[in-house]
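Chemist:
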Amino acid sequence: MRNVYIYILVMALVTYAIRVLPLTLIRKEIKSRTIKSFLYYVPYATLSAMTFPAILTATENIYSAAAGFVTALILAFCRRGLLTVAIGACAAVYIVELIL
Amino acid sequence: MGSSRSSFMRGMKDGIPICLGYFAVSFAFGIQAVQSGLSVFQATLLSLTNVTSAGQFAGIGIISASGSLMEMAGAQFVINLRYMLMSTAISQKIRPNEKILHRMGIAYGMTDEIFAISASHPGILSPFYSYGAILVSVFGWTFGTFIGAYSGEILPQRLISALGVALYGMFIAIVIPPARDNVKVRITVIAAMLMSMIFTYAPLLKNISSGFRIIIVTVVIAGAAAVLFPRDEEAIA
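If you read the sequences in order, they're chains A and B.
The first sequence: position 54 = 54 (our numbering), numbered continuously.
If you want our numbering, it's the position in the second sequence, counting the first as 1, plus 1000.
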């Protein structure tokens, strides 16, 4: 195995460069309506794509994962806070895995 | 000065659920990192310097397989490229004349979750809000890694399995309320999930790595939404 610290350094440098370049180089307000609209929709598209279908394989089996997913959807639909939704989803997974 | 302080406190408060979600995920990361051959110190240092879940999980896989540094750089670039979109979006939320040191400080903590709370924060984003959220969140991320790496499998498998959905639950909590209120956001969310599912299971498409898949889905769906449903308001809410 190569020196682990070199790997960690490469990882940190690449990741930080990705994060810091737009924030330091884009100093003006973007005027384009299309780009502004695009940036508005980015978090919804990204978070949705990261959540589904990955959540279905995040637990021991697909039944408990589906229970967690549906529980989170319902709690979020009822406008519960981040923590409530997250804990509710975990609890649903735990209970279903106890039963199955 | 007073407003910096209140922004910082507000950021810390909003960072608490992120901290808890991170603790769960990074705990699992710590266990896996030690199994991949990293020391407890190395695993903790990795979390403190990278603060990225998917990138770190991929990274310890490459380390344990003795992959090349180019492969490591390439994988991190693709998996984490979405942060570039997020940083671009946040560059429009901060004051145009914000100091470069503050810009560099915010960049360190540009994760999916901190981005999410920053993007939904009303009005101009104060760097001190970000610092408060980063301090609490990165503490959870790093401390969780340390505990996971150090204490290994003291938690029953069933509990670790349940904790696996914590972060997804948080994402859902961020996405669903606006989707409920706004039909354009709702279409965007459903379309992104459908496309992500197709890319996960369809032949050939499923060979695309998860980091790249997220980028493709984001660019295509957010791009289509921007063309089909351009926004009139000048503020990025």
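Built from N, CA and C at the ideal position, the CB exists for glycine as well.
For Met-1104/B, report the span of its alpha helix (DSSP H) as first-last.
Modeler: Counting from one through the second sequence, the residue named residue 1104/B turns up at place 104. Unbroken alpha helix (DSSP H) run through Met-1104/B: 1100-1108.
Chemist: Alpha carbons only, please: which of Thr-46/A, Pro-53/A, Lys-36/A and Ala-17/A is nearest the one belonging to Tyr-1201/B?
Modeler: Translated into the one-based positions of the second sequence, residue 1201/B becomes position 201. For the residues Thr-46/A, Pro-53/A, Lys-36/A and Ala-17/A, the minimum Cα distance to Tyr-1201/B belongs to Pro-53/A.
Chemist: Could you list which residues in chain B have their beta carbon closer than 7 Å to that of Val-20/A, in chain order?
Modeler: Taking the first sequence and counting its residues from 1, one reaches residue 20/A at position 20. Ordered by position in chain B, the residues that pass the 7 Å Cβ test against Val-20/A are Met-1104 and Ala-1107.
Chemist: Excluding sequence positions up to five away, which residues of its chain have a Cβ less than 6 Å from the Cβ of Arg-1186/B?
Modeler: Residue 1186/B sits at position 186 when you count from the first residue of the second sequence. Ala-1179.
Chemist: So with CB distances below 8 Å, who are the chain B contacts of Tyr-7/A?
Modeler: Within the first sequence, residue 7/A is the residue found at index 7, counting from 1. The answer, in chain order, is Gly-1059, Ile-1062, Ile-1063, Leu-1069 and Met-1072.
Chemist: Look up Gln-1056/B in the DSSP assignment and say whether it is helix, strand or coil.
Modeler: Mapped onto the second sequence, residue 1056/B falls at position 56. Note: Gln-1056/B maps to helix in three-state DSSP.
Chemist: Nearest to Leu-1155/B by CA position, among Phe-1027/B, Gly-1011/B, Ile-1018/B and Pro-1017/B, is which residue?
Modeler: Looking up residue 1155/B in the second sequence gives position 155. Ranking the options by Cα distance to Leu-1155/B, first place goes to Phe-1027/B.
Chemist: Would DSSP call Ala-1237/B helix, strand or coil?
Modeler: Here residue 1237/B refers to the residue found at position 237 of the second sequence. Because the pLDDT at Ala-1237/B is just 44, under 50, the model does not fix this residue reliably, and the point stays unresolved.
Chemist: Measure the CB-CB distance between Ser-1047/B and Thr-1142/B and report whether it falls below 8 Å.
Modeler: Within the second sequence, numbered from 1, the residue matching residue 1047/B stands at position 47. Within the second sequence, numbered from 1, the residue matching residue 1142/B stands at position 142. Yes; because the gap between Cβ atoms is below 8 Å, this pair is in contact.
Chemist: Please compile the residues from chain A whose C-beta is within a distance smaller than 7 Å of the C-beta of Asn-1050/B.
Modeler: Here residue 1050/B is taken as the residue at index 50 of the second sequence, counted from 1. Correct list: Met-11, Ala-12 and Thr-15.
Chemist: Which of the residues in the stretch 1156-1167 of chain B, read from start to end, lie with their CB under 8 Å from any CB of chain A?
Modeler: If the cut-off is 8 Å between Cβ atoms, the stretch 1156-1167 of chain B has Gln-1157, Arg-1158, Leu-1159, Ser-1161, Ala-1162, Leu-1163, Gly-1164, Val-1165, Ala-1166 and Leu-1167 near chain A.
Chemist: With a threshold of 8 Å between beta-carbons, can Asn-1207/B be considered close to chain A, or not?
Modeler: Here the question's residue 1207/B lines up with position 207 in the second sequence. Chain A contact via Cβ: absent.
Chemist: Under three-state DSSP, which class holds Gly-1021/B?
Modeler: In the second sequence, the residue the question calls residue 1021/B occupies position 21. Helix.
Chemist: Judging by CA-CA distance, which residue of Ala-1191/B, Ile-1198/B and Ser-1209/B is the nearest neighbour of Ile-1221/B?
Modeler: Numbered from 1 along the second sequence, position 221 holds the residue referred to as residue 1221/B. Nearest of Ala-1191/B, Ile-1198/B and Ser-1209/B to Ile-1221/B, Cα basis: Ala-1191/B.
Chemist: Quick check: is the beta carbon of Ala-49/A nearer than 8 Å to any beta carbon in chain B?
Modeler: Position 49 of the first sequence, counting from 1, holds the residue named residue 49/A. Chain B, which has a Cβ nearer than 8 Å to the Cβ of Ala-49/A, makes this yes.
Chemist: Is Tyr-63/A close to chain B? Criterion is C-beta to C-beta, closer than 8 Å.
Modeler: Taking the first sequence and counting its residues from 1, the one referred to as residue 63/A is at position 63. False, the Cβ-Cβ gap to chain B never drops below 8 Å.
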